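First up is the structure itself, then whatever we jot down about it.
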Amino acid sequence: TLLGFIVTDLPIESKTLQKMLRHSTSRSFNCISVDGDMSTNDTICMIANGAVDTPEINENSQEFKQVQDQVTEFAQRLAQLVVRDGEGSTKFVTVNVKNSYSFEDAKIIAESISNSMLVKTALYGQDANWGRILCAIGYAKLNDLKSLNVDKINVSFIATDNSEPRELKLIVNGVPQLNIDEERASEILALNDLEVLVNLGTGKEEAQFWTCDLSHEYVTINGDYRS
Amino acid sequence: NTTRKVIDKYPLYVPKSGTFPKGFQVGSIASGVKKNNALDLGIIINTNKSRPSSAAAVFTTNKFKAAPVLTSKNVLDSTNGVAINAIVVNSGCANSVTGELGMQDAKEMIDIVNEQLGDKTSPSTLVMSTGVIGQRLQMNKISEGIKKIFQENKFGSDFTSWLNISKSICTTDTFPKLVTSKFKLLNGKEYTLTGLAKGAGMICPNMA
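Chains V and A supply the protein sequences, listed in that same order. The first sequence begins at 1 in our numbering and counts up one residue at a time. The second sequence begins at 1001 in our numbering and counts up one residue at a time.
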C-alpha cells in the first residue's frame, strides 16, 4: 500500500490544492511500480495551513504554476523513494518514453515495461534482454495505434554514472542491434540506477515511470505477510 | 543468477536533519498492534489558527476501497477540504474489507482525534490505515494509543518527531520516507514542503 501526506505552510485555496495534488500525482505517485499491484488503501493527502503570511494562492495567482511545479517535483522525490525501497529491489529504473503521438500512450507504454515481471527479473539478473522490453511495448493497451510504429521505434539503455558511451542502442528504427557490446551492457546493468529509453518517433509527447527489479527477496518478504 | 548482496538503504535515503513547515506538530506511539513494540500509530495536527487550513487527497481506484479511504473521502466531501486539522494513521492493519464494522472503527478513530482537538461539531480529521487486509482493527489498542498521544503530549515539531511519525506508518518498508524542502515564492516569501510516504510492496497506484 502507498500512503503519504504532504504538508505546507503556504495558504492555498482548497479547490486549487485539489487541482495541484491531482496534477502532481499524475506525474509522480501514479507513475511508479514495484510489483504492478494496486492496494485497497492507497491515499495521498495534502494540507496547506497558511502559516506563512502571504496572499492565498489560487488558480489565477502569479505563483500558481511555480508552486504546482515545485509540488510536482517534490512529489516525484517522495514517490521515487518508495520505488527505491521496493521490497528487496537492488535497482532503481527510470523508464523514459519520448516522442510519442500522445502523452497517454507514452505513459501506457512506460507502465507496461515497468510492470513486466520478465523485464524486472532480467534487470535483476543484469541481462540486456531487449526482447522482453519490446514485447512489453507490443502488448501495451494503447489508446491510439498511431503512437506505435514498429519501423520507427528505438530502445536504449542509458548509463547513469556519466561514463561513455552513455547510450547503448538495443533497437534502432525497429531493427535489433545484434552486435550489442555485451561488455558495455554488463557495465551499465551493474549500476544501481538504470534508465531505459524508448524513442517512439511518432510525436512529441513524453512520459516517465519509475520501477525496480524483482529479486528473490521479494518472494521471501511476501510469501508469509499475513500469517 | 546468484542472490545479490542486500543493500542497507537506510543510511542512503533517510535524512539526518531537516526544517519543517510552521504550524504543524506530529506525534507517534507503539500502540501494540505491531509486534516488537514498533511505532504503529501517528497523528499530525495543524496548530496554525491565523486562517483555516485547506486539504486535498487522491485515493485508490481499486473497487474494494478500504474503510479509511471511504471515511476520509466523506470528510473531504462534507467540508470541501476546508479546516481539516489532523490526519491519524495506523499501520499493521489496513481496516480493509471489514464492512460496516470497519467503517465504524475508522469513524471512531477520527471522532477521538476531533474530541481531543475540541472539534466536536465539524469533522476535521482524515484517517489512513495500512497493513493486512481482511482483519478488524484492534480498536482497544488504537483508541488508547490516540488518547495517550494527546494526554501525554507526545507531539513535537523537531526532526526526531517527524522521523518517528514516518516510521510509524511503515509496514515492510526497509526505511522511512521523509522529505523536506524550503522554496521561495516570486514575492520573496519562503515556504516549506514536508512529505512522508510509506510503501514497499503492492505498489502500482492509480489514484484519482
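In this text, a Cβ means the ideal position worked out from N, Cα and C, and glycines have one as well. Just so it is clear, the structure is predicted and the values come from calculations on it, not from any experiment.
- Message: Cutting at 6 Å between CB atoms, please list the residues of its own chain near residue 1179/A, excluding the five before and the five after it.
- Response: Taking the second sequence and counting its residues from 1, one reaches residue 1179/A at position 179. For residue 1179/A, where only same-chain residues beyond five positions count, the Cβ hits under 6 Å are 1195.
- Chain-ordered residues of the region 79–91 of chain V with a beta carbon less than 8 Å from chain A: So the close ones are 79, 81, 82, 83, 84, 85, 86, 87, 88, 90.
- Query: Thinking C-alpha only, which one of 203/V, 89/V, 111/V, 88/V is nearest residue 96/V?
  - Reply: For the purposes of this step, residue 96/V is taken as residue 96 along the first sequence, with counting starting at 1. For residue 96/V, the nearest C-alpha among the options comes from 111/V.
- Message: Counting only beta-carbon separations shorter than 7 Å, does residue 1164/A have a partner in chain V?
- Response: Along the second sequence, read from residue 1 onward, the residue named residue 1164/A stands at position 164. For residue 1164/A, the answer is no, since every Cβ of chain V falls outside 7 Å of its Cβ.
- Nearest to residue 73/V by CA position, among 104/V, 24/V, 42/V, is which residue? Mapped onto the first sequence, residue 73/V falls at position 73. From the listed residues 104/V, 24/V, 42/V, the smallest Cα separation to residue 73/V is found for 24/V.
- Item | Segment contact flag, the region 1128–1142 of chain A with the region 206–217 of chain V, C-beta cutoff 8 Å, min 3 pairs | They do not touch, by the three-pair rule.
- Identity of the residue in 50/V, 70/V, 220/V nearest residue 1183/A by Cα: For the purposes of this step, residue 1183/A is identified with residue 183 of the second sequence, where counting begins at 1. Distances from the CA of residue 1183/A to each of 50/V, 70/V, 220/V were compared; the closest alpha carbon is that of 70/V.
- At least one CB of chain A closer than 7 Å to the CB of residue 14/V: is that the case? As a working note, residue 14/V is residue 14 in the first sequence. Among the residues facing chain A, residue 14/V is included, as its CB has a counterpart in that chain under 7 Å away.
- Item | CA nearest to the CA of residue 1039/A, picked from 1125/A, 1161/A, 1140/A | As a working note, residue 1039/A is residue 39 in the second sequence. Nearest to residue 1039/A by C-alpha distance, out of 1125/A, 1161/A, 1140/A, is 1161/A.
- Query: How would you write the range of the beta strand (DSSP E) that residue 140/V sits in, first residue to last?
  - Reply: Counted from its first residue, the first sequence places residue 140/V at position 140. Going by DSSP, residue 140/V is part of no beta strand (DSSP E) at all; its letter is neither H nor E.
- Message: Rounded to whole angstroms, what is the Cα-Cα separation between residue 1176/A and residue 1201/A?
- Response: Residue numbering aside, residue 1176/A sits at position 176 when the second sequence is read from its first letter. Residue numbering aside, residue 1201/A sits at position 201 when the second sequence is read from its first letter. C-alpha separation (whole angstroms): 14 Å.
- Task: Pull up the distance between the alpha-carbon of residue 52/V and that of residue 1025/A, whole angstroms please.
- Result: What you label residue 52/V is simply residue 52 of the first sequence in a count that begins at 1. What you label residue 1025/A is simply residue 25 of the second sequence in a count that begins at 1. The straight-line gap from Cα to Cα measures roughly 16 Å.
- Query: Given 8 Å as the limit, is there contact between the region 1078–1089 of chain A and the region 1038–1055 of chain A, that is, 3 or more CB pairs closer than that?
  - Reply: Result yes; three or more Cβ-Cβ pairs closer than 8 Å.
- Message: Buried or exposed, going by whether 16 or more other CB atoms sit within 10 Å of the CB of residue 145/V?
- Response: Counted from its first residue, the first sequence places residue 145/V at position 145. Flag for residue 145/V reads exposed.
- Message: Can you check whether the C-beta of residue 63/V is within less than 7 Å of a C-beta belonging to chain A?
- Response: Walking along the first sequence from the start, residue 63/V turns up at place 63. By this cut-off, residue 63/V is an interface position.
- In chain order, what residues of the region 1028–1051 of chain A put their CB closer than 9 Å to some CB of chain V? Correct list: 1044, 1046, 1047, 1048, 1050, 1051.
- Item | Three-state secondary structure assigned by DSSP to residue 176/V | Translated into positions along the first sequence, residue 176/V becomes position 176. DSSP places residue 176/V in strand when its eight states are reduced to three.
- Item | residue 122/V - containing alpha helix (DSSP H), residue span | As a working mapping, residue 122/V is identified with position 122 in the first sequence. Going by DSSP, residue 122/V is part of the alpha helix (DSSP H) stretching over 117–124.
- Query: To the nearest whole angstrom, what separates the beta carbons of residue 1069/A and residue 41/V, a pair I think is in contact under 8 Å?
  - Reply: Translated into positions along the second sequence, residue 1069/A becomes position 69. Translated into positions along the first sequence, residue 41/V becomes position 41. By a beta-carbon distance limit of 8 Å, residue 1069/A contacts residue 41/V. Their separation comes to about 6 Å.
- Task: Give a yes or no on whether the C-beta atoms belonging to residue 1210/A and residue 9/V are separated by under 7 Å.
- Result: Not covered by the structure: residue 1210/A. The range shown for chain A is 1001 to 1208.
- Task: Determine the closest residue to residue 202/V out of 1/V, 106/V, 61/V, with distance taken between C-alpha atoms.
- Result: Taking the first sequence and counting its residues from 1, one reaches residue 202/V at position 202. For the options 1/V, 106/V, 61/V, the alpha carbon positioned closest to that of residue 202/V is the one of 106/V.
- Under 7 Å between beta-carbons, which chain A residues line up against residue 223/V? List them in chain order, please. Position 223 of the first sequence, counted from the start, is the residue given in the question as residue 223/V. The CB of residue 223/V never comes closer than 7 Å to any CB in chain A; the least such distance is about 11 Å.
- Mind listing which residues of the region 1012–1026 of chain A have their C-beta closer than 7 Å to chain V's C-betas, in chain order? If you check each beta-carbon in the region 1012–1026 of chain A against every beta-carbon of chain V, the ones closer than 7 Å belong to 1013, 1021, 1022, 1023, 1024.
- Over what stretch of residues does the alpha helix (DSSP H) that includes residue 157/V continue unbroken? On the first sequence, residue 157/V is found 157 positions in, with the first residue counted as 1. Note, residue 157/V: premise wrong, no alpha helix (DSSP H); beta strand (DSSP E) at 154–158.
- Message: By DSSP's criteria, residue 38/V is part of a beta bridge. Which residues make up the other side?
- Response: To locate residue 38/V, count along the first sequence from 1; it is residue 38. For residue 38/V, DSSP assigns no beta-bridge partner whatsoever.
- Message: When you compare the CB positions of residue 1048/A and residue 49/V, do they come within less than 7 Å of one another, or not?
- Response: Taking the second sequence and counting its residues from 1, one reaches residue 1048/A at position 48. Taking the first sequence and counting its residues from 1, one reaches residue 49/V at position 49. When the beta-carbon positions are compared, residue 1048/A and residue 49/V come within less than 7 Å of each other.
- Query: Which whole-angstrom value is the C-beta distance of residue 170/V and residue 128/V, which I expect to be below 8 Å?
  - Reply: By 1-based counting over the first sequence, the position of residue 170/V is 170. By 1-based counting over the first sequence, the position of residue 128/V is 128. Contact flag correct, Cβ pair sits at about 7 Å.
- Query: Under a CB-based cut-off of 7 Å, is residue 1088/A close to chain V?
  - Reply: Residue 1088/A sits at position 88 when you count from the first residue of the second sequence. Residue-level contact check: residue 1088/A does not touch chain V, since none of the beta carbons of chain V fall below 7 Å from its beta carbon.
- Determine the extent of the beta strand (DSSP E) in which residue 1148/A is found, giving its start and end residues. Numbered from its first residue, the second sequence carries residue 1148/A at position 148. Element bounds for residue 1148/A: not the beta strand (DSSP E) but the alpha helix (DSSP H), 1139–1151.
- Going by the beta-carbon positions, is the gap between residue 1207/A and residue 1058/A smaller than 7 Å? The sequence position of residue 1207/A within the second sequence is 207, counting from 1. The sequence position of residue 1058/A within the second sequence is 58, counting from 1. A contact, by the Cβ cut-off of 7 Å.
- Pairing CB atoms from the region 85–105 of chain V with CB atoms from the region 183–195 of chain V, are three or more of them under 8 Å? Flag = yes, the region 85–105 of chain V and the region 183–195 of chain V touch.
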